[in-house]
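**Student:**
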Amino acid sequence: MADAAPRGYGWPLSPRPRVVTPYDPPDQRWQSGHRGVDLAASAGSSVLAAGSGTVSFAGDVGGKPVVSIRHADGLLTTYEPVDAIVSKGQTVTRGQVIGTVTSGHAGCPTTTCLHWGARRGSGSSAVYLNPLALVDAVRVRLKPVGTVAN
Numbered sequence: 001m002a003d004a005a006p007r008g009y010g011w012p013l014s015p016r017p018r019v020v021t022p023y024d025p026p027d028q029r030w031q032s033g034h035r036g037v038d039l040a041a042s043a044g045s046s047v048l049a050a051g052s053g054t055v056s057f058a059g060d061v062g063g064k065p066v067v068s069i070r071h072a073d074g075l076l077t078t079y080e081p082v083d084a085i086v087s088k089g090q091t092v093t094r095g096q097v098i099g100t101v102t103s104g105h106a107g108c109p110t111t112t113c114l115h116w117g118a119r120r121g122s123g124s125s126a127v128y129l130n131p132l133a134l135v136d137a138v139r140v141r142l143k144p145v146g147t148v149a150n
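FYI, in the UniProt record's numbering the residues of the sequence shown are 1 to 150.
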């Protein structure tokens with residue numbers, strides 16, 4: 001397994017949740033896709049900051065409650081739908097409760113789930129990342145090319 005995940009991040013739910021919708025980025029930035037993962041959760045479950053940082057947003061986006069945290073390494077993690085107990089400008093630490101999961105995430109294949117996203121940059125320079133890479137949940141396997149001599 002490759003060890004390329006940034007350090008200092010953890011799961012936003014405890015215990016480790018089941019991934020119900022995987023990361024599925026579009027081929028082109030303007031196309032539709034799934035720029036995060038959906039994690040199975042129960043309504044009212046505590047949502048944890050995946051890493052230490054500063055709350056950059058806590059409020060509604062398109063009628064959905066969202067929390068975003070800017071981390072020291074430049075990464076922005078986003079959690080929705082989350083009824084926030086934190087506010088913009090507040091400093092949080094990894095594992096700190098930032099709110100609770102609410103129902104209503106469109107496209108969730110289970111009754112309730114948490115959408116967790118990660119990106120670097122903003123606007124036209126934004127690069128979305130698979131948040132599972134933050135917790136070493138993405139396995140990289142190398143396949144030998146050709147034959148191996150004995």
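Note that beta-carbon positions come from the ideal geometry of N, C-alpha and C, so glycine has one too.
Whose C-beta lies closer than 8 Å to the C-beta of P131 among residues of the same chain, with five residues either side of it excluded?
**Tutor:** The residues are Y23, G36, V37, A50, T77, W116, G117 and A118.
**Student:** Hey, which unbroken runs of the beta strand (DSSP E) at 3 residues or more fall wholly within the UniProt domain "M23ase beta-sheet core" (33-121)?
**Tutor:** The UniProt domain "M23ase beta-sheet core" (33-121) contains these whole beta strand (DSSP E) runs: 37-40, 46-48, 53-61, 64-71, 75-80, 82-84, 97-101 and 113-120.
**Student:** Buried or exposed, going by whether 16 or more other CB atoms sit within 10 Å of the CB of A126?
**Tutor:** Exposed: under 16 other Cβ atoms inside 10 Å.
**Student:** Would you please state the rounded distance, in angstroms, between the beta carbons of V135 and G10? I believe it to be under 8 Å.
**Tutor:** 6 Å
**Student:** Can you name, in chain order, every residue of its own chain whose Cβ lies under 7 Å from the Cβ of Q96, other than the five neighbours on each side?
**Tutor:** L48 and A49
**Student:** Please name the residue in A41, P15 and R7 whose C-alpha comes closest to that of Y79.
**Tutor:** A41
**Student:** Could you pull the DSSP bridge partners for Y128 from this structure?
**Tutor:** R119
**Student:** Can you tell me whether V82 is buried or exposed, with buried defined as 16 or more other CB within 10 angstroms of its CB?
**Tutor:** buried
**Student:** Going by C-alpha distance, which of Y128, S14, V67 and R120 is nearest D73?
**Tutor:** Of the candidates Y128, S14, V67 and R120, R120 places its Cα closest to the Cα of D73.
**Student:** Is the beta carbon of S68 sitting closer than 8 Å to the one on S56?
**Tutor:** yes
**Student:** Spell out the partners DSSP gives V19 in its beta bridges.
**Tutor:** L39
**Student:** Let me know if A58 comes out buried or exposed under the rule of 16 or more other beta-carbons within 10 Å of its beta-carbon.
**Tutor:** buried
**Student:** From this set, I85, D60, P26 and T54, which residue's C-alpha is nearest R70's C-alpha?
**Tutor:** T54
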